[in-house]
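Below is one structure, written out as structure tokens; the observations come after it.
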Amino acid sequence: MQKGIIGKKIGMTQIFDEAGKVIPVTVVEAGPCVVVQKKTVENDGYAALQLGYGDTKVQRVNKPMKGHFDKADVACKKNLKEFRLDDCDALNVGDIVKADTFAVGDAIDVIGTSKGKGFAGAIKRHNQHRLKETHGTGPVHRQAGSMGACSSPSRIYKGKGMAGHMGAEQVTVQNLEIVKIDAENNLIAIKGAVPGPKGGIVYIVDSVKA
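For the sequence shown, the residue numbers in the numbering used here are 5 to 214.
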């Protein structure tokens, strides 16, 4: 991984390229992020940088976290995330990472938390079919139907698609493209959709498939 940054999803819009073709984009406020901690192979067994994003009041962090920020001599941050970069020596504690660390045309992966859907049925959660609404099916048109065999194996196999909690889980969308960067306002326009609601925190890293 060469680059990584923390951002906030602003929303979706569309922009036009030179040929007049419309491109749907998601706008992300990427950074500015500050390096809060630097992990080394000698001390921690691996090399990584811990970035902080979004200022918060001192009263909103507990004493251990306040000491963590005081040691780095940076303001208290809402969000922290480690990035295992290939060249961690290029940055030091206190350095600022901005949106211009990426370039137009870069292939990236975006990690976010998907929208929570609450308790959802099998049709919405697993794309199952409805039962027929004739011949005495009864008031169970949207239920899951058969759970499996009878006396053998006398249980339901693991992984059976059933109703349950849907959404609000980590989702990674791979191989997206950066269409435009506004370095002055730390905005990145990413082609396509990005997981999560407006205002949700996302992590942008180099694409593993590029």
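Even for Gly, the Cβ is constructed at its ideal location relative to N, Cα and C.
- In terms of Cβ geometry, V209 and G200 do not form a close pair [threshold 8 Å].
- Around the CB of D110, 16 or more other CB atoms lie within 10 Å, so the residue is classed as buried.
- K102 and P36 do touch by the CB rule: their CB atoms are close to 5 Å apart, below 8 Å.
- Taking 8 Å as the cut-off, the Cβ atoms of N96 and K42 count as close.
- I194 places its beta carbon less than 8 Å from that of V32.
- Annotation for V108: I182, V183, K184, I185 place their beta carbon closer than 8 Å to its own, counting only its chain and skipping 5 residues before and after.
- Under the DSSP definition of a beta bridge, Y161 lacks any partner.
- With a contact defined as Cβ atoms closer than 8 Å, N83 and G56 qualify at about 7 Å.
- Measuring C-alpha to C-alpha distances from S118 to each of N66, A187, K202, D104 identifies K202 as the nearest.
- Bridge pairing for H133: absent [DSSP].
- A172 sits away from A124, with the two beta carbons spaced by 8 Å or more.
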